[in-house]
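Numbering of the sequence shown is given in this note's numbering, commencing with residue 1 and proceeding in unit increments. Backbone N, C-alpha and C fix where the C-beta goes; we use that ideal spot for every residue, glycine too. The structure presented is a predicted model; accordingly, all values stated were derived computationally and were not measured. Please read the structure below before turning to the comments.
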Amino acid sequence: MRAYRFDALNSLDDLVLHDEPTPQPQRGEVLVKIDAVSLNFRDLAVVLGRYVGPADAGLIPCSDAAGEIVAVGESVSGLKVGDRVISAFHPRWFGGRIPMTAARDAYGSGSDGWLAEYKVVSQEAVVRLPDGLSFEEGCTLPCAAVTAWTALSGAAPIRAGQSVLTLGTGGVSIFAVQLAKALGATVIGTTSGPAKAERLAALGADHVVNYNEVAEWGRHVRRQLTGGEGVDCVVEVGGPATVNQSIHAVRPGGEVVLIGFLSEENPGIDYFHLKNSRATVRSIGVGDRPALEDLVRAVNRTGIRPVIDQVFPFEDARAAFERLKSAAHVGKIVIKV
Ligand SMILES: NC(=O)c1ccc[n+]([C@@H]2O[C@H](COP(=O)([O-])OP(=O)(O)OC[C@H]3O[C@@H](n4cnc5c(N)ncnc54)[C@H](OP(=O)(O)O)[C@@H]3O)[C@@H](O)[C@H]2O)c1
Numbered sequence: 001m002r003a004y005r006f007d008a009l010n011s012l013d014d015l016v017l018h019d020e021p022t023p024q025p026q027r028g029e030v031l032v033k034i035d036a037v038s039l040n041f042r043d044l045a046v047v048l049g050r051y052v053g054p055a056d057a058g059l060i061p062c063s064d065a066a067g068e069i070v071a072v073g074e075s076v077s078g079l080k081v082g083d084r085v086i087s088a089f090h091p092r093w094f095g096g097r098i099p100m101t102a103a104r105d106a107y108g109s110g111s112d113g114w115l116a117e118y119k120v121v122s123q124e125a126v127v128r129l130p131d132g133l134s135f136e137e138g139c140t141l142p143c144a145a146v147t148a149w150t151a152l153s154g155a156a157p158i159r160a161g162q163s164v165l166t167l168g169t170g171g172v173s174i175f176a177v178q179l180a181k182a183l184g185a186t187v188i189g190t191t192s193g194p195a196k197a198e199r200l201a202a203l204g205a206d207h208v209v210n211y212n213e214v215a216e217w218g219r220h221v222r223r224q225l226t227g228g229e230g231v232d233c234v235v236e237v238g239g240p241a242t243v244n245q246s247i248h249a250v251r252p253g254g255e256v257v258l259i260g261f262l263s264e265e266n267p268g269i270d271y272f273h274l275k276n277s278r279a280t281v282r283s284i285g286v287g288d289r290p291a292l293e294d295l296v297r298a299v300n301r302t303g304i305r306p307v308i309d310q311v312f313p314f315e316d317a318r319a320a321f322e323r324l325k326s327a328a329h330v331g332k333i334v335i336k337v
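Written out as structure tokens, the structure reads:
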């Protein structure tokens, strides 16, 4: 089979196509013929040395895939040849606290990922894809959509009539806009320019703020767009350079969900500002398998269609990574295997 590996972690030139033996499933495992893979920022961060966790060179990248089961090992139950499945971001997190094995298991940074023609995994590491979704759509769900779902469904889940602030128009944020609207929330989205602002509005964002024009967008959201109260939840993907604005935007008793690290500048957090916000700060790591199952059900029932920016052929995988690096995309970038 053909499989991409990052032979080194210096630049996108290190993404190399290899010819390798096709693996065979053992007891409890399934062989997936991969049809589509989607990219997440972390796939890029790993090779650019910007990932927040440990990362090894030489691995097959990418955590998110959809495909068909073409062989099963002994004792596999509940899945059969011909089933359409998607990968679970965390192959061994079935509930409760995130397991200590999560970093070692992490596809593309601690273990081989999915940017290949075939992959063998435990039967517990995949979830069935509903008939209503294509492979290209399904492969966008495991990381970005589950992260958005986890962000909106904390200890005080977002309910109709509440408000959500999303940052930018990447994979996580666009799913957060769609899911928050489906839950009946008011959505405020930030973005970098007018074309992306139009896309956000078309997806249902009630207010859009151009952060290149409104530097103090956190205060703007609180004072101008929420009557001085602040939003109930911030889906914080920007990281160190945006978190202070997010704290300005959140209401007392609201939640800033720490997700991303898109920004590189790190001015630090003002402790007294954070303390005085009376908000909860929750740092998340995608979500467990039940969250993926809930999310798949929600997408299927609500009719949400994943927003796909562009689909690249397998042979042009590097171009897909370049597109992600450009940050010109809206939603998800997909590679058709
Ligand atoms: N902790 C977790 O569970 C978890 C899970 C998934 C993702 N993440 C992290 O969350 C972040 C988003 O992931 P993603 O895959 O959705 O990313 P993505 O698709 O690459 O998002 C890129 C978009 O974000 C906006 N952006 C870029 N740089 C920015 C900056 N410095 N400040 C604010 N916005 C910026 C841009 O949109 P505009 O031009 O519209 O502003 C850009 O198009 C990444 O850091 C990722 O690693 C964490």
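The alpha carbon of Pro-23 has as its nearest neighbour, out of Val-231, Val-121 and His-90, the alpha carbon of Val-121. Shown here for Ile-269: same chain residues with a beta carbon closer than 7 Å to its own, the five before and five after excluded, namely Val-243 and Asn-244 in chain order. Between ligand 1 and Ala-144, a heavy atom-to-CB distance of less than 7 Å is present.
Contact annotation: Val-337 and Glu-198 have beta-carbon atoms that are not nearer than 8 Å. Contiguous alpha helix (DSSP H) elements confined to the segment 75-146 occur at 102-105 and 135-138, taking only those with 4 or more residues.
Residue pairing of Asp-64 in beta bridges, as defined by DSSP: Ser-38. Restricted to the segment 260-308, the beta strand (DSSP E) segments that are unbroken, complete and at least 3 residues in length are 280-283, listed in chain order. Looking at the backbone, the Cα of Gln-162 and that of Arg-5 are separated by about 44 Å. For ligand 1, a non-hydrogen atom lies closer than 7 Å to the CB of Arg-42. Residue pairing by DSSP puts Val-209 in a beta bridge opposite Thr-190.
Cys-233 and Asp-206 have their C-alpha atoms some 15 Å from each other. Buried is the label assigned to Glu-29, since at least 16 other Cβ atoms lie within 10 Å of its Cβ. A contact is defined here as three or more CB-CB pairs under 8 Å, and the segment 281-293 meets this definition with respect to the segment 140-159. Within the DSSP bridge table, the entry for Asp-19 names Arg-2 as partners. Minimum Cα-Cα distance from Asp-56 among the listed residues Ala-125, Leu-225, Ala-144 and Gly-113 corresponds to Gly-113.
Comparing alpha carbon positions, the residue from His-329, Arg-305, His-220 and Ala-144 closest to Asp-288 is Ala-144. With 16 or more neighbouring CB atoms inside 10 Å of its own CB, Thr-150 falls in the buried class. When secondary structure is reduced to three states using DSSP, Gly-254 falls in the strand class.
Cβ contact annotation for Gly-184 (same chain, cutoff 6 Å, sequence separation greater than five): Ala-160, in chain order.
Inter-segment contact for the segment 253-268 and the segment 167-184 is present: three or more beta-carbon pairs are separated by less than 8 Å. Sequence-distant partners of Ala-45 (beyond 5 residues in either direction) whose C-beta falls short of 7 Å from its own C-beta, in its chain, are Tyr-51. DSSP lists Leu-31 as the beta-bridge partner residues of Ala-71.
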